[in-house]
Structures are given as structure tokens and as C-alpha cells.
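Student:
Number of protein chains: 2
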Amino acid sequence: MKGFQKLTFTYEALQTWFDALQVKRCRDITIPLSDAYNQVLAEDVIAQEDLPRFDRSAVDGYAVRADDTKGASQTKPLLFRFTESEELVDTAHREAKQVWTGNPIPKGANAVIMLENTKKVDSKIEVWTQAAPHDNVMRRGEDLKKGEVAVPVGTRLKPYHLALLSAVGNSEVKVVEKPKIAILATGNELAKTGEERGEKQIWESNRVMIAGMCCELDAEPLDLGIAKDNVDEIAEAIMLGLKIADAVITTGGTSVGGLDLVPEAVNKVGKPGILVHGIAMRPAMPTALAVLEGKPVMVLSGNPVAAIAGFEVFARPLICKLLGMPREESRPVVKAVMAKKIATALGKKNFVRVRVIQKNDELIAEPISAKGSGNLTTMTRANGFVIVAENREGLTEGEKVTVHLFGEVETVKP
Amino acid sequence: MKGFQKLTFTYEALQTWFDALQVKRCRDITIPLSDAYNQVLAEDVIAQEDLPRFDRSAVDGYAVRADDTKGASQTKPLLFRFTESEELVDTAHREAKQVWTGNPIPKGANAVIMLENTKKVDSKIEVWTQAAPHDNVMRRGEDLKKGEVAVPVGTRLKPYHLALLSAVGNSEVKVVEKPKIAILATGNELAKTGEERGEKQIWESNRVMIAGMCCELDAEPLDLGIAKDNVDEIAEAIMLGLKIADAVITTGGTSVGGLDLVPEAVNKVGKPGILVHGIAMRPAMPTALAVLEGKPVMVLSGNPVAAIAGFEVFARPLICKLLGMPREESRPVVKAVMAKKIATALGKKNFVRVRVIQKNDELIAEPISAKGSGNLTTMTRANGFVIVAENREGLTEGEKVTVHLFGEVETVKP
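For the protein sequence lines, the chains are A and B, in the order given.
Last residue of the first sequence: 442 (my numbering), numbering continuous.
Last residue of the second sequence: 442 (my numbering), numbering continuous.
(1) Mind checking the segment 187–201 of chain A against chain B and listing, in chain order, the residues whose C-beta falls within less than 9 Å of any C-beta there?
(2) What did DSSP end up calling residue 155(B) once you bin it into helix, strand or coil?
(3) Can you check whether the C-beta of residue 136(A) is within less than 8 Å of a C-beta belonging to chain B?
(4) Does residue 29(B) come out as helix, strand or coil in the three-state DSSP assignment?
(5) What separation, rounded to the nearest whole angstrom, lies between the Cα atoms of residue 419(A) and residue 37(A)?
(6) Near residue 352(B), which residues of its chain fall below 8 Å by C-beta distance, leaving aside the five closest residues on each side in sequence?
(7) At which residues does the beta strand (DSSP E) containing residue 258(A) begin and terminate?
(8) So who's on the other strand from residue 378(A), going by DSSP bridges?
(9) Chain B beta carbons: is any one of them nearer than 8 Å to that of residue 402(A)?
(10) I'd like the span of the beta strand (DSSP E) that includes residue 305(B), first residue to last.
(11) Within 10 angstroms of its Cβ, does residue 117(B) collect 16 or more other Cβ (buried), or is it exposed?
(12) What is the residue span of the beta strand (DSSP E) that residue 179(A) lies within?
(13) Is the CB of residue 253(B) under 8 Å away from at least one CB in chain A?
(14) Check whether the segment 273–285 of chain B touches the segment 319–331 of chain B, taking contact to mean three or more Cβ pairs, one atom from each stretch, closer than 8 Å.
(15) Using 8 Å as the cut-off, can you tell me whether the segment 422–440 of chain B makes contact with the segment 382–402 of chain B, which would need three or more C-beta pairs spanning the two stretches below that distance?
(16) With a cut-off of 8 Å, does the C-beta of residue 221(A) fall near any C-beta of chain B?
(17) DSSP has residue 448(A) in a bridge; who is on the other side?
(18) So, is the C-beta of residue 228(B) closer than 8 Å to a C-beta in chain A?
(19) Which of helix, strand or coil does DSSP assign to residue 39(A)?
(20) Measure the Cβ-Cβ separation of residue 378(A) and residue 319(A) and say whether it is below 8 Å.
(21) Excluding the 5 residues preceding and the 5 following residue 252(A) in the sequence, name in chain order all residues of the same chain whose CB lies nearer than 7 Å to its CB.
(22) Would you be able to state if there are at least three C-beta pairs under 8 Å between the segment 238–252 of chain B and the segment 59–66 of chain A?
(23) Check for me: the alpha helix (DSSP H) holding residue 291(A) runs from which residue to which?
(24) Comparing C-alpha positions only, which one of 82(A), 115(A), 72(A) sits nearest to residue 93(A)?
(25) For residue 131(B), which residues in the same chain have their Cβ closer than 6 Å to its Cβ, ignoring the five residues on either side in sequence?
(26) Can you name the residues that DSSP bridges to residue 432(B)?
(27) Assign residue 367(B) to one of three DSSP states: helix, strand, or coil.
(28) Between residue 27(B) and chain A, is any beta-carbon pair separated by less than 8 Å?
(29) Relative to the C-alpha of residue 300(A), which candidate in 354(A), 322(A), 147(A) has its C-alpha closest?
(30) Taking only runs that begin and end inside the segment 210–256 of chain B, name each unbroken alpha helix (DSSP H) of 4 or more residues, in chain order.
(31) Note down the Cα distance separating residue 72(A) from residue 354(A), rounded to an integer number of angstroms.
(32) Give the residues of chain A in contact with residue 217(B), contact being defined as C-beta atoms less than 7 Å apart.
(33) To be precise: take each residue of the segment 417–441 of chain A, compare its Cβ to all Cβ atoms of chain B, and keep it if any distance is under 8 Å. Which residues remain?
(34) Look up residue 273(A) in the DSSP assignment and say whether it is helix, strand or coil.
(35) So what does residue 126(A) bridge to, in DSSP terms?
(36) Answer yes or no: do residue 392(A) and residue 371(A) have a C-beta to C-beta separation smaller than 8 Å?
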């Protein structure tokens, strides 16, 4: 029997690998805030002052004492007199100071009447509406108090995080440098697009795919090219990868056949080498996990869908750790109803490609059938994975499942 | 009354603007496939040959005639003899040719027995399992047939699209150039982070946010800086934007007050200028849409959450059109249950910030309350929008709503 002697459950494999690795976060780097979109924050950013730092007008209008507006209405307007002062001083009379959105509220005032609820009459101003204290006022510290964490360490910076960091005065930000992932494809059957191709060769397609998956997580892919089915050539490429990158990913050459040379090459490079080989998942069973020079090496299947599944289970949490994120970043998930039953392999974690569509306000998951994991169109036709647990033998028709989306959900007219 | 005389519904505003614009797709550019992640395809890419282009082995093993394996089992193995030939010729005897994953299937063979279901015995090979025709064979054209569209024009290229394009032989790809979006902030109250700040000034934060939202859609933001509340200065910046970019976005200076000078500046630059000003939405009512020199100009509110809502409704579909996408790219959406009731403004499209959490296998949307649209932490605490239609006055507790996600959904232990 030349199959794997023993398959390791995905979570055990990950645990073994991470225990051996002691993954350290990549180094910090300070960059302009304007370059920081989608990068990961390397430290808590604390508000150095209240935000806003003074009571501000939320609208264009007139700052007043709320009490003075009591009883004002469109039919019974109240007359106020203008002041240019920084403070409403004349408490005997109704005073109003013109303010624009964002202007500080003058001392003594505690509300703003919107311009459209007022009318200039000669040198006075009619107020048509009654205000409660703090109406149309953004109060000091209302958004953030001095000393509060504006954005916590490990946050993937989205547009509104950038805005908040800017609003508390940061022109630069300390982020985690993008992890560098070196990618090697292996196999005599592979030819580079744009070059010559032999009769029995096919165009190599995994490198650009794995690189794209790295970009999705904002890691930086480095290309190690294609190695022939030769232990020394593979080992040399892996050594180069270890020199230039934080992690190495290979594809192909990892089943149990005679030409499956990548695990051999990994072990030739150094210790501890391969830690796990043969995972209880489908596809991607022949995935292997290794550590060399303290760095992670992932040996993925050459079949593209298997390589994707292997990446999802092992590379995604690894990259999140290298980025210092507090937990694995998940894809968007939705609940959907299985359109038909499917069989899966008991004892393995099954990745089932599905196409989720919205129909009659219901989400339906249609399994994309394919014999093997070699067909790329099963990925371009699908928009998500259902992950079927090891203790299941399939999914039933009508079953509610969790779909991990990697593409858009289309609405289909009934 | 200084309010807007008339508010325009969002879809009417968009229609008016697009009709006047006749949006053209940005120009094409040919780039290496390895740089094409997340870019938008500018033409249908057709498979120039079948994929795979020959019957391939999906596994490591032995290619055989399926008929020859009839009756084989672990207890009753059948003996095959090796051949090195490209063709199984000796139909009188059982022949097997060793193949590795991806190898062409020799002529005459129609199935592959996996290595683990065989055993070498001297110069022969024991086969332990029976095969049906095409078992473990990826058939020619099974993934794509010659002449089929591999990836259609207008597709945002995800990792598996890149793989498919590579698999059909493309080392380069024609994509749509990233739309350039020039961004201008306006307002005397705004100071640049990293520079000096006056007593009454606040740190400007919209430019980096709008730039981030452009990056989310893979458009290229260009910074026009901050203009003072001065018609000429604003007009000059807009003219520069029109020269260097495909579209201009401004923030601030667009309510109905005396210092709301951006619409005035836009109309000073040229014709037709402002087409719509005052949208039936909340926040972002003071948004204005304009056309200058045939290019789109968006005048967004200075309040950050209003600017975000305005961007979602107008800039997102515009950028998708500039990219030549067949329809607007949507954020991931989920159904969730409102945790409590909220009131919204009748006659306006309301953008309600919510935090969606998963609890007991149910998605719950908690409204993030805020008086105004000036508070950025309402965005960093939220992870999605509920868009409440114009004919509603609120949402009820327990109502099932559609949430447009802009952040991750957290699972909360009950």
C-alpha cells in the first residue's frame, strides 16, 4: 500500500506546524497614512486629544442658548440679535452667532438652529424652531475621548480607519510589513506561458493563482519560477525562497508516486523539514507542511482546486499570523440552502464548490460538480465553498449550509 | 426658506448624471498576467485550444484499458505487464503504462489505476481494483472547449481567473486602466495632519478615506489637497483635477449656507456644471452631481459618514462603469435580524449603520446610534449598512433586513 499511512486532521496539522514555527509577526514599518489602505496596524493608536476637540456645529446656522428658543415655531418665530463675539454675553437678550459646519460653538451657546429654520429680518434673525440643548452640536469628545484607542493593533485598515487615524492627527502610521511569500511550481509537464511548449506539456497556471491569493491578503508574492522534477533543482529553489521570503509555497510533486519529489527535496534542505504529510481533507490530501530555517514551507498539490483548498486551510491563517492579526481573517459567509444532495468523504474535511444565487429572496447553493480537482472552470463558475465536517458523509437537499464566499452572489429572476 | 427647493431621488439623480455623461470605459492596457490581480478584463478571452488539450492522468498510477480490469479486487488481483510505448498495442494481453499526474494517457488506454491500488511483483504489476472508462482521467476539453470564452470582458480578475487565463496560454492580458479619481477637500476649518493647525481648525480626514474607497474598487486616487472656502481656489483645484483625472470628487462646502461654495465654483468652471443638488437620502442630502468637460464631478458632504454614503450611491456605480463592468459591483450582503427598532426619514433613502454579529447561529444587526454623520467611530464600530427605502419610516425590532457589509462579522458567544 503506497497511500499515506496516516492522514492528519486539518486542525492537528495546523497546530503541529504552528507549534514548531512559533510564528513571529513581520517587522514594523512607518508609512504615510495615504499609502496604508488595507495594511495591518502594528500598534494601538491612541487619541492624543478629544475628538472633536471642541464643541462643533454639525450644520450651517446660528448658535444660540437653547433656553432662548422656547416656544419658537414657524407661526410664532422669535427674534434674535446677531453677535460677532466668541461668547454670548448678553443673557438679558436673545443672541445668535452665525456658524458654519465644523465651527466651534461660542461660549454660552449650547445649540445650533439650522439656517433653513431661520430668516434674516433687517438686522435681526427670526428663529422658527425650538432647540433642545446640544441640538446640531457635535460635542467635544463625543467621537473619541483623549486616551481612548482610536484603532487597535492588528486592524486591517479600511477607509474609515484611515479617516479616524487622520482625524486624530496622524499623517503617518506604523504598519506590519507585507509578508513575502516565495512561490515555486514544480513538474516536468509544466511550460511557462509566453515560451516554447513541448508536445506533452501544459501551461503552468498555479503560480499566478497563488500569487493572487497572497495579494488578496495583502502579502507580497515572489516568483521562484518552475522547477523540473529533480530533487536538487527543487531544493535549490526552496533555499533561494528561504533567503528572500518569509515563507515558501510549492505546488505539485507531492502525492505518493515516484516522481513526487518535493517532500524529499524539503528534507534535503534541512531540519526539521516535513512535519505533516497527508491531510484528512478533500481535495488537497497530499498537502505537506514543513519548517526550514525557522520559516514555514507549504507543499501544495499541483491540482489547482486542491492548491486553493490547501492555501485556505494553511496559508491564510499563516499570513494572518505573520501580519499580527488577532485571529484569522475570514471570507464573507452566508447561509444558503443546498439545491441538491451531494456525497462527501467521511473522515475528511471536504471543500465543496458551490454557486450561490439569490432567488425569491432566498439564497440557494448549487454544487458545482466535477470529478477531480483539476478543473479551473469549477472555480470560475462557483462563488463559494461549503466546508463539510469530517463526521459527515454528504449534504442533503434543502439543508441549510454556511458558504464561504469568494465571488459575488447574483440575483436570478425566478 | 433656504433649504433645497426640491430633493431628487437617488435613482433619478444617477440617471440624470449618467445620461449627461455618457460614461466611456477607460482605455485598455496590456499588462503581464502576474500584475493583473483584481484588475478588470477589457476583452473576452477565448480558449485557443481544448483545456486540457489531451486526455491527462489525474493521478499517479498506471494507464490501462478499463475492460482489462474487470473483476480485479484486493483479494483477486489481476496481473498486467508493463509497456513503455505511447500506445497500448497488445490487445491480447493486459498492458499497463506508468503515468504521473498530468501525463498524457497513451493511445488505447482509457483509465488510470492509482498507484496505491497496485503492487509491483517482479516484472509485472498487480492491479487490485476495477476501473470504469475515464476513471482518473481528465478528458480533453473537459475544463474548456476550444473557442469557448475562458473569462468574459468586464470580469474583475480573481486568483482563479488568473489561473484559467494562464492555463489557456496567456502570459499577458488586456485590462482596463485604473480610473484616476482626483480628490479635493474644502473648508477653512481643515488642517493637514503633519502641519500647523489653528485654534479653530480640525485635522482633515476625508481625502484619505475617499482615496481608500477608490482603492477598494481598484481605482487610482490623486490628491488635490485642501482648498480654502474661496470660489476661485476651489475652481482652480477642480480644473486641475479635470486635467489629470477621469473624475473629480470634492468634500465639504455643499450645504445651503453662505460659505457653501463648491457648487458655485463648479458652475464657474464650465457647462453644464451642476445637474443635481440635494438628494433624497440621509445622510448625504447636500450631495451634488455635475459634469464638466464631459467628465463626472461629485460634490460630497464634508461630514465623513455622509461622504461615504454619497460615494456608495454615486461614485461606486460610476467607477464600475469607468472600468467597463457589466453592472455595479456589490458589497457582500447578508440577511440579519434588527436588534431594535429605529426611526428613519420618510421620503429619503436612509443609510443606517449597523453592527452585525453572529449569535446562536443567527445574524443580528445592532443599529449604531449617532446623532449626526460627523462621527467616524460609528463607522469603525459598524460593519455594514442597512439601506431603508424612501417609503419607510423606520425598521421594526425583529425585522429581517439586508445588510451591505463593509467589515467582518464577528461571532459572539451567547
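The beta carbon of each residue, even a glycine, is placed where N, CA and C say it ideally should be.
Tutor: Considering the structure as presented:
(1) 187, 188, 189, 190, 191, 192, 193, 194, 195, 196, 197, 198, 199, 200
(2) strand
(3) no
(4) Residue placement at residue 29(B) is poorly supported in this model, since its pLDDT is 36, which falls under 50; the coordinates still yield a value, given next. It is coil, neither helix nor strand.
(5) 12 Å
(6) 53, 54, 68, 70, 181, 182, 204
(7) It is not in any beta strand (DSSP E) - residue 258(A) carries neither H nor E in the DSSP assignment.
(8) 310(A), 416(A)
(9) yes
(10) 300–305
(11) exposed
(12) 177–179
(13) no
(14) yes
(15) yes
(16) yes
(17) Residue 448(A) is absent from the model: chain A starts at 29 and stops at 442.
(18) yes
(19) helix
(20) no
(21) 210, 211, 212, 265, 268, 269
(22) yes
(23) 290–297
(24) 115(A)
(25) 85
(26) 361(B), 413(B)
(27) coil
(28) Nothing about residue 27(B) can be read from this structure; chain B reaches only from 29 to 442.
(29) 322(A)
(30) 234–244
(31) 13 Å
(32) 130, 131
(33) 433, 434, 435, 436, 437
(34) coil
(35) 90(A)
(36) no
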